[in-house]
Amino acid sequence: MIELNIKKTSKKIASKENYTGFDQFTKHFDNLKEAKQWLKEEYGNCKKEKMYVDLKSGGSKHIGYVYSFRNADMSHYPISKWLQQDWVEIIKVEYSRINL
42 MIELNIKKTS KKIASKENYT GFDQFTKHFD NLKEAKQWLK EEYGNCKKEK MYVDLKSGGS
102 KHIGYVYSFR NADMSHYPIS KWLQQDWVEI IKVEYSRINL
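Residue 141 is where the sequence shown ends in this note's numbering, and the numbering goes up by one at each step.
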C-alpha cells in the first residue's frame, strides 16, 4: 500500500510572511502507479521540487515533493488569492500480523 501524507501551506501573494499550515490529510492507494496518477490529476504541471529528510548517518533521503502554485477562493468577496505549497511525503506501508 502507498500512503501520501499531504500538508497544505499558504501565504498572501507579495507578502513577506512565512507560509502557514491550513490542512493536513492522508490518502491511500493500492500501488505507486495509482498514487502517481492521482498526483498528476491533482497537481498537473505545477512547479515541484524534491523534498528530503536528513538521516542520522549524515546524508539525506528523497521522500516526496513540494508542489507550489497560486490559488484563489471565489466564495469570499473580494476574491482571496494566495501562494500555496503542498508538502507531499510518499510512504510504502507494509502490514504484518503480530501475536498478542
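For glycine and all other residues, C-beta sits at the position ideal for the given N, C-alpha and C.
Just so it is clear, the structure is predicted and the values come from calculations on it, not from any experiment.
Which class does E135 belong to by DSSP, given the choice of helix, strand or coil?
coil
Expressed to the nearest angstrom, what Euclidean distance is found between the alpha-carbon atoms of K48 and Q78?
19 Å
From this set, C87, I54, M42 and S98, which residue's C-alpha is nearest D127's C-alpha?
C87
Going by CA-CA distance only, name the one from S109, K122 and H103 that's closest to K89.
S109
Using CA coordinates, which residue listed in S51, Q125 and E135 is at the minimum distance from N72?
E135
Complete beta strand (DSSP E) runs within the segment 46–128 (minimum length 3 residues, chain order)
61–70, 88–95 and 101–114
Cβ-based burial, V129 [other Cβ within 10 Å; buried from 16]:
buried
Distance check for I43 and I131, CA to CA, integer angstroms please.
7 Å
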